[in-house]
Each structure stands twice: as C-alpha cells, then as structure tokens.
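One structure is given here, and the rest of the page talks about it.
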Amino acid sequence: MKDIIAAALDAAQMSGATYADTRIVDTRSEEISVANGRVEGVESNASFGIGVRVIADGSWGFASSSEVTLDSAVVLAKQAVAIARASATVPGEPIRLADVDAYQDRWSGPCVIDPFTVPLQDKLDVLLRADETLRANEKVALTKAHMGFYAVHKHFGSTLGSYIEQDHVETGAGIVAYAVEGDEVLSRSYPNSHGGDWIQGGWEVIEAIDLPGNAPRVAEQAAALLAAEPCPTGKIDLIIDGSQLGLQVHESVGHPTELDRVLGDEAAFAGTSFLGLDDLDTLRYGSEHVTITADATVPNSLGSFGYDDEGVPAQRDPLVSDGLLTGFLTSRESATSIDRTSNGCMRADGWNRIPLIRMTTVSLEPGDWTFKDLIADTEDGLYIETNNSWSIDDKRLNFQFACEIGWEIKNGELGRMVKNPNYTGITPEFWNSCDAVCSRDHWKVWGLNNCGKGEPMQVAHVAHGAAPARFRGVSVGVGR
Amino acid sequence: MKNIDATRDLAARTVALAQEAGAEQAEVLAISETSSLTRFAGNRIHQNVAENDSQISLRAVVGNRTGVASTNRLDQESLFACCESAVAIAKSSPADEAFPGLPEPTPVTASDRAIQRTIDFTAADRAQAAGAIIEQSRVRDLTAAGKVQTTIAAIAIANSLGIDCAALTTSAVATVLSMGGHGGSGWASFIGPDASELAAEALGDQAAALADRSATPGILEAGDYTVVLAPEAVGDLVEFLGWMGFSAKAVAEGRSFMTGHEGEKLMSPLVSIVDDALASHAMGPTFDYEGAAKTRAALVENGVVGSPVTDSYWAARTGTANTGHALPAPSAWGPLPLNLEMAPGDASIDELIGSVDRGVYVTRFHYVNIEDPVPVLLTGMTRDGTFLIENGKLTRPLKNLRFTQSAVQALNSVRGVTRERRLVGTEGTASYVPGLLIDGFSFTGQTG
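Listed in order, the protein sequences are those of chains L and Y. FYI, the numbering used here numbers position 265 of the first sequence as 265, with every residue one higher than the one before it. FYI, the numbering used here numbers position 20 of the second sequence as 20, with every residue one higher than the one before it.
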C-alpha cells in the first residue's frame, strides 16, 4: 500500500498541491438480526478503496475510488487537484493548517477473540435464545435481537512524511421487547436502545453483554410499562441514567463544541453552534459539578484510535472544566482559529469520505455520589432510563429527549413506574442545573455507532462515559 | 459516465457465480455510482469531493434459507468469495418457512431518467453555481452555506428466475442557507434529475431575501396554533408517515397507525397520499430492489386509510399483491414507499396565509424525530423562516419553535392545500407535496 500512497502524494505535488494526504481503507462488517424468532438478516460486507485529499491554490479538493492501483492513485491525485482549483475560483481565505509532527507508526485496537472466526451458528444461538426468552412473556408482542461486527484496516500517508497503519475491531449487540396493547407500543431495550451497546473488542464483548441473561428483566419491564402511569407534566428534579446522559452529552456538549460547527462549516445541514470563539475560557457551560473531556485514549472505547485521519496523535483534552468552557473539538484547519494545535478529532467514514471533526470519547467525568444516596437525597423527582427519541435545534440549544422508562421518586425512594417519559430544556440552563453526579463505580462508557454528520452523510462511531446525575427543575411530560 | 450495460453484465455474471458457489436461487443488486459534491460555507467553497464506486450485493437462497453478502472488490476471485460467503451464511441460517422464494419477473415500465446535462456537469460548473448562490448573500452582507451535488447511478438487478432490469439515473441537488447578523436565516433548495434546471442565482436570492425578512425574530408563547406549512415542512410529515406507518411489516407488527384501521377515515378529506414511482416528476428507478415493478399505491384517499406497501416477502406473508416496494436485502424495515406524493388542493400559499387570523408560517423543520410510533408523534424544531401570521399577513419573524405533534392528527386537521407542489427531500426519498393549512398544531417550546 505504501507505494500506492507514495504515488498519489507525488502526483498531487507534481500537479501543484501544496499539501496532500492519502488514505487506503479496508473495512469488513457483519450484521445479524432476529425478530420474533425469525432470522431477519445475516449480512456481510466488504469495502476497499482510496481517497486523496489535497490543497491546491489555497483550497481543498478530494477524489476517491474503489480502484486501488498505482495508476488510479495518480489519476485521483490529479482529479483532486483539479477539484481544488475549481474550489479556488470562488474567492476565500487560503486554507491554513496547524502544525503536526510526522509519524511513522502502527496502532491496533484491543480484540481477544476475532468475531469473524466465530461460527455463525454460535452467534445465532445467542440471539435466538435471547429472543425466545423475551417472547416467553405473553404481553411482549414483538421482539428484536441484533449483533454486529466491524473491522477496519487503514493506511495513511501525507506529504509531511507521515505513514501510519491502524486497525481495530468493534462489536455490538442489543435486544428490544415491545409490549403492544391497542394503539400503544412500548419498548424496553438492553443494554441500550438503537442497536445496543458497541465496544472496541471481539467476541468477548458479546459474552460480557449476556443478552439471554438480561432478557427476562427486559421483557418483564416492557410488559409492566403497559400498566404504568403516564409521565407527570411540569418542572421536576430529574435523575438521568448513564446511557441517556451519554446521549445528552453527545447532543448538547459534543456537537456544539465541534469547532467546524462553531465556525459555520456545517450550517446548512447539521447546523451551527450556540458557542462562539469568544466563549472559550469565559462561558459558564454548566455548574461546578460538570467536567467534560474528549479522550481518544480510553481503552476499548469506540472513540479511541492511535491517530486521527489527519495523522494527529490521540489525545485527552478538557472541553468543560468545573463548568467552564475550556476547549473545542478541533482539526488542523479549525485549530488555527483559536491559535491552538489540533486535538485530533478528524475522522472519515471510509475511503470515500473526507475527514470531519468527530467526537472521540466525550464524557461527563464522574462525581462522588452513590446512586442510592442520590435517590435518598431527592424528595420529589423522577428517575429515567434509556433513550427512545432525541431532537435538538440547529444551534444545539433547545433539546427534547424521550426515554423508555421512568420511576417516580418520593421522599427519597423510587416509587411507581412511569411510561413515555420525556424532558426538554436549553443547553446551558440544563447543565447549570446539575447538582450531583454519581461516582466512578456507576460510570460506564457507552458506544454510539450512528452519529450522522456532513454531506455526503458520514456515520461516525463515538462514545460517551457517564454516570447517573441529577438536574434540578427540568420540564418533563412535554406534549403528552 | 456510468456504463449501464457493464453494471447489468456484472449483476448477471454474479448470479451465475452464486449458482456455481452452491446457491439454489440468487439475486444480485449491482450499483455503480459517481457522486460529486461542492459544499460552501462562510461565502466560500470549503469542501469539494468526488467519489467513484461500484458494488454488488448478493442474496443467496438455499432451500428457504437466505444469506446476504456484499463487496466492492469486483475481480472474479473476490466476487466468487463473496458468493461463497453468502451461500455459507444461507446454509448456516435457520429455515424461514414463510420465505416464498425470490420473485418471478414482472413487466417493468422502462424509464430513461438520466439527463446528459447532469452527467456533463463538471467541478467548474458546480463551483460556478455555488458562486452564483453565494453572491446573492454576499451583496446583502449575509453569509451563505449549502451545496451543489450531482449523482449518476447505474443500478441493475438480476436473479436466477429471470429478473434482469437496469436503469441509469441522474440527480442534482442544491441547498442554500443564508444567515444574517440579527438572527435571520432563510432557506431554499432544488432537487431534480437535470442539473441545468438549477437556477442558482434565483435560489440564492430566495434564501437571502428570506434571511433579510426573518431578521430580529421574536418570542411566541407555546400552545396550539393554526399553521401554514411550506412544502419542505410538509415533506417531513409525509416522510415520517412513510417510515413509521405505510409498510406492510409495520402494519403486521402493530406499530403502524394503519393497523386495524384500513378503510377508516383518520385524516381530513383534503388529504390523499400515494406512492408513485411512475409519475413524471418521480426520481429513481421504476423497479424495486428485488427487480419487481413498482406500482402506484393509494395509501390515503380523501382521508381514508388504504393498504400498506409490500415486497415479495410481506406480500406472501399477508396474502396481498406485491406492490414493488422492496428495499435492498436483508431489510429489517420491510418494504417502504420512496416516491410519496400528496394530492394538490386549490389554493395558493398566499391564500392559505390570507385565511388565517392568527397563526404561524413554517418554512421548514429541523431534526424531527419520532416519540411514539402509532400516532406518529413527532418532535422537532422550525428553522430558517418562521413567521407570525396576523389577520392574513406575515407580520413578524419568530425565533425557532419546538413542536410535539402527532402527524396523523395534524393531517386530520388539514383545512387547506395548495395547488402548487414541490419535490422535496433527498435523491433517495424525494416527496412531491403541496403546502398545507393545519389547525391546532402543537408548539411546546421555543429557543429564547
């Protein structure tokens, strides 16, 4: 691969590029889904290709192809330069990149048991056993079980002299039970909704998640939701579980701190950010209990790697420190706007996409509460688990989330079950209402493999660490 | 330019290879695509990309067991390995007694939807269009962001029972968001098969004028309001109905508003919705991803709920005809309508606005998501041109509003429909919809 990358970089420079990088990416995936005892799909996929990114005449150009040869590399490099020159016909400031060292390195993610070597029968056995257990509950009318495996091997080279080879494997699984009665459909998931939980690792991840062992509780809670009380309406003290809080961090901290959004580069599609450059080191994002980091070095996390897709080493960087905004997620280009170097957040969804600023493992750092003490300290509130729906405005200010299940908290104790809980808020007000975060004993990293951004759409695999936390006076039961 | 014959040949060759690898039946979806996209933001081009990819997806059948494998490595050895993988998956999968076998060939209406002018649209053409759009904002001291994109796709489907169909399609998409310094923003979009129909300057002007008009937006108390939705906002409601409700699988699983209500009136008599890939304005192929002919499906007729769309599997499961709405195998979604169309009314958008004493005009929604599947309870935000309507006129711009509203209930409260319809959405799922006047639309919050 090294010779093909070298050919592309040489051709780009010969054609007038002042900078070029090239990625050759080989991905492999397997998805298995079961519904109501039937195998709905078993699918394997392989994708291989090359992408060449250049700066010429001060502008970006990118070309990519599934044909990976010395000849195609040269053609692509020339095409990318021609595209960059077309970009330059519309006036604009020339691209500037923050400095980065050249690296010659190799990085591999953790994987104990290669999931692609595990027989399909073993995989189906886990899913079908879990699915059958869910269906044993007569009020559960629809069940789904899913597992997936994703492996990537990529080579990166740049005209700075870097050559980096990386590979890793991701594994995920989940189950859902739907209780259906009349026009009501209520779902309960494990270990998380929207495809379960995803972790860097191999078959050992599936064994640890233990879908069949958790199916009885999931089915029981789905059935119980049919008889549960509706979510109360009004302002209430809200305790949010780690999985939902991970998504809350994702939508209302991760995305607004992406510096390309702050600078307006994603305005027309995903939106901008309520943050401005002047907010750095001045804006009180949340209460003193809120510290949020971006960390690409967390072991086994979907947000971890050795180097990003610009050849910048993985880093841990604070975004919010004791409530104060102290950082953004950056690229080499955007980092120049805050006079910093890149903190290594550029990742591409395959060979045919340019890298964009993506979250790594963006986490709410743990506090010191036990969950038991937090409930006991709450006189009148609501505890909710597991996301069902999410929506947030184009500046990442006005959000509304719905969850699968909740419980009333009365006089320091969990009480009646609540169905269809939802809550809404405005980002800084919400994070400033946080007065307690549970400890590391309750903290877990949740993997999300469905973060959409960019045009053409790219799907990133990211992660969020969170423990249950309490927010005072949150609006719940919206529009119900 | 994509070669339709080569793509068709690739599909046929892979079917033969799959049979050689042990498949009793085989179906191959081959797609060869060139996509080029120029993005702009901050009044400059900041991303400019091109992609060239070809791939196949194979469904192998052994008895009533199926397996799917796909690859973009198209040399003979890799193709055969992919076939062996699909066959191995099929052999390892449990039997599905309900699987009816692959569909037999049906006559497919030929359509030539590729436009040479789109195929010939170059990076320089895209840059010129982007420049013309940007200029309309720049001269008003506004900031433009958006894209100009073209896609040329050859798609072929073949199966071992004789299905052999192929189509070359083109699409051109342009969007523009114009933003001002006083909280104003405006939006305009274009989608169609012919890039030469993109009136870049006019598109840029439309968005910039809206941005100017929506500057210094104000507050509106949450509550139920009469709304006038422009077509782009209507497109979101209709698409969510499609995803959540119009599939035979969703109906069979009890997740659809149609379940148990076929033949009942659930919406306003002014609402009729069909899925029609054969319509002159429709984009994409006239066959589905199994190679079955797409048929016109009457989903809602004068407010009365019709029947959902099917594919070969769900047609057999439910004892109904195959309407030709299969997605690529294996599809956990089941069949879906991708060419939705809402019937026009007899009003202009100005007449709808003129009939409202106090209400809200919505240019488009943002980040809509489903909270409850059966009523299609949606939440999302308004964006890029929300105005208060008073005494039949747009009187002042509003800050973005959050709505939490059942789409079924909203379409039951339709009081007016525009004559003019627009194609909105993406090249994969474009809907042809009018503007609507709806009573009692629930706004539950606002970005203050």
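Don't be surprised by glycine CBs; every beta carbon is placed ideally from N, CA and C.
Alpha-carbon to alpha-carbon, Y/ALA174 and Y/VAL300: 31 angstroms
Listed by chain order, chain Y residues near L/LEU120 by CB distance under 8 angstroms: For L/LEU120, the neighbours in chain Y by C-beta distance under 8 angstroms run, in chain order, ALA88, ILE89, SER92, SER93.
Chain L contacts from the stretch 58-82 of chain Y (Cβ-Cβ distance under 7 angstroms): GLY67, VAL68, ALA69, SER70, THR71, ASN72, ARG73
Within-7 angstroms CB hit, Y/GLU135 to chain L: no
Selection from L/ARG23, L/LYS372, L/ILE239, L/GLU31 that minimises the alpha carbon distance to Y/ALA329: Looking only at L/ARG23, L/LYS372, L/ILE239, L/GLU31, the smallest Cα-Cα distance to Y/ALA329 is reached by L/GLU31.
Three-state secondary structure (DSSP) of L/ILE199: strand
Terminal residues of the beta strand (DSSP E) in which Y/PRO434 lies: 430-446
Three-state secondary structure (DSSP) of Y/ARG140: coil
Length of the line joining the Cα atoms of L/THR201 and L/VAL126: Note on identity: in this sequence residue 201 of chain L is Gly, with Thr being the wrong assignment. One alpha carbon belongs to L/GLY201, the other to L/VAL126, and they sit about 18 angstroms apart.
Spatial neighbours of L/GLY327 in its chain, beta-carbon cut-off 6 angstroms, leaving aside the 5 residues before and after: The beta carbon of L/GLY327 lies closer than 6 angstroms to those of ASP317, PRO318, LEU319 in the same chain, with the five residues before and after it left out.
Helix, strand or coil at L/GLY157 according to DSSP, with G and I counted as helix: strand
Strand pairing of Y/THR170, partner residues [DSSP]: Y/ILE152
Buried versus exposed, by CB contacts within 10 Å (16 or more), Y/ALA298: exposed
8 angstroms CB neighbourhood of L/ARG353 in its chain, flanking five on each side removed: GLY51, SER64, GLY454, PRO456, GLN458
Contacting residues, own chain, Cβ-Cβ under 6 angstroms from L/ALA98 (five flanking each side not counted): Within the same chain, ARG332, ALA335, THR336, THR341, SER342 come within 6 angstroms of L/ALA98 by CB-CB distance, once the 5 residues on both sides are set aside.
Three-state class that DSSP yields for L/THR359 in the structure shown: The identity of residue 359 of chain L in the sequence shown is Met, whereas the question assumes Thr. Looking at L/MET359 - three-state DSSP - the assignment turns out to be coil, as it is neither helix nor strand.
For Y/ILE4, three-class secondary structure by DSSP: helix
Whole-number beta carbon distance between L/GLY425 and L/TRP443, since they are thought to touch under 8 angstroms: With a Cβ gap of about 22 angstroms, L/TRP443 and L/GLY425 do not count as contacting.
Short Cβ contact (7 angstroms threshold) for L/SER301 with L/VAL445: yes
Where the stretch 442-467 of chain L meets chain Y: residues whose CB sits under 7 angstroms from a CB there: GLU455, PRO456
Member of Y/VAL304, Y/ILE115, Y/ILE134, Y/GLN136 whose CA lies at the smallest distance from the CA of Y/ALA167: Y/ILE115
For L/PHE149, the three-state DSSP class (helix, strand or coil): In the structure shown, L/PHE149 sits in a strand (DSSP, three-state: E or B).
Neighbouring residues, chain Y, relative to L/SER389 (Cβ below 8 angstroms): ASN369, ILE370, GLU371, THR379
Exposure label - L/LYS123; buried when at least 16 CB within 10 Å: Around the beta-carbon of L/LYS123, 16 or more other beta-carbon atoms lie within 10 Å, marking it buried.
C-beta neighbour in chain Y for L/GLU310, strict 7 angstroms: no
Status (buried if at least 16 other CB within 10 Å, exposed otherwise) for L/LEU277: exposed
Secondary structure of Y/GLN405, DSSP reduced to three states: strand
Environment of Y/ASP53 [buried if 16+ CB atoms lie within 10 Å]: The residue is buried, with at least 16 neighbouring Cβ atoms inside 10 Å.
Contact list for L/TRP198 against chain Y, beta-carbon separation under 9 angstroms: Here the premise fails: no neighbours, minimum Cβ distance about 17 angstroms.
Nearest-angstrom Cα separation, counted from L/PHE62 out to Y/MET1: Low confidence applies here, because Y/MET1 scores a pLDDT of 45, under 50, leaving its location unreliable and the question unanswered by this model.
Inter-residue spacing [alpha-carbon to alpha-carbon] between Y/ASN339 and Y/GLN76: 36 angstroms
Short CB-CB distance (under 7 angstroms) between L/ARG106 and chain Y: no
Ranges of the alpha helix (DSSP H) found wholly within the stretch 292-318 of chain Y, counting only runs of at least 4: 312-318
L/LEU481 at chain Y interface by Cβ criterion, 7 angstroms: Nothing can be reported for residue 481 of chain L: it is not among the residues displayed for chain L, which extend from 1 to 480.
Cβ neighbour criterion (16 or more within 10 Å) applied to L/LYS410: exposed
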